[in-house]
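Novice: Heads up, the sequence shown is in the working numbering, so the first residue is 3 and it goes up one at a time.
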Amino acid sequence: MIQRVSHGSVWVLDMDRAKAFYTDKLGFELRNDLNVGGFRWLTVGPVGQPDFELILMPVGASPMMDKATAEQLASLVAKGVLGPGVLATADCRRTYEELKARGVEFRSPPEERPYGVEAMMKDDSGNWFSLTERRPFKA
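1) Can you give the Cα-Cα distance for F139 and L56, rounded to whole angstroms?
2) Sort R19, Y117 and R33 by Cα distance to K27 and report the nearest one.
3) Given a cut-off of 7 Å on the beta-carbon distance, is the pair F144 and P48 in contact?
4) Secondary structure at M122, three-state DSSP: helix, strand or coil?
5) Is the distance from the Cβ of V88 to the Cβ of T134 below 7 Å?
6) May I have the straight-line CA-CA distance separating S11 from K102, to the nearest angstrom?
7) Looking only at DSSP bridge pairs, what is M59 linked to?
8) Can you check the stretch 59-132 for any beta strand (DSSP E) of at least 3 residues that lies completely inside it and give the ranges in chain order?
9) Quick check: the Cα distance between Q51 and P60, rounded to an integer number of angstroms?
10) Short check: CB of L44 to CB of M66, under 7 Å?
11) Have a look at the DSSP bridge pairing and note the partners of L32.
12) In three-state terms, what does DSSP make of R6?
13) Using 7 Å as the threshold, is the C-beta distance between E107 and K124 below it?
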């Protein structure tokens, strides 16, 4: 039986730039940066969530991806059309201000939504994330 999700991945255009963005700007912890048989295994994770790692996966690193597919994927990432997930926060407006001051680019400021408060941000490669302060669900 599957017990939990331990890793997720996000396609990045430059691993060193992504590492700096996720650690310096978002404040994530560096979990791994090592060479595994010629492959760079680079993971980060939110402080306070030690059981989850986000893999910063370079476009084209998969042996199952041909050159044409890697080029298409790189174009989609850079274009900003991929949204790999939601980043949870207890206070969206405060976190928005903190991240904006660190140079994080936002597509939209915090706005009220039926599920809470949400702002849309981009990473250094072009991936967008929802930064969300969730409200408790009421049936």
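We put the beta carbon where it would ideally sit given N, CA and C, even for glycine. Model, not experiment: these values are computed from the prediction.
Specialist: Reading from the atomic positions:
1) Within the model, the alpha-carbon separation for F139 versus L56 is close to 26 Å.
2) R19
3) This structure cannot speak to residue 144, because the chain is shown only from 3 to 141.
4) Residue state, collapsed to three classes: strand.
5) V88 places its beta carbon less than 7 Å from that of T134.
6) 24 Å
7) W13
8) 87-90, 107-115 and 118-124
9) 23 Å
10) no
11) V46
12) coil
13) yes
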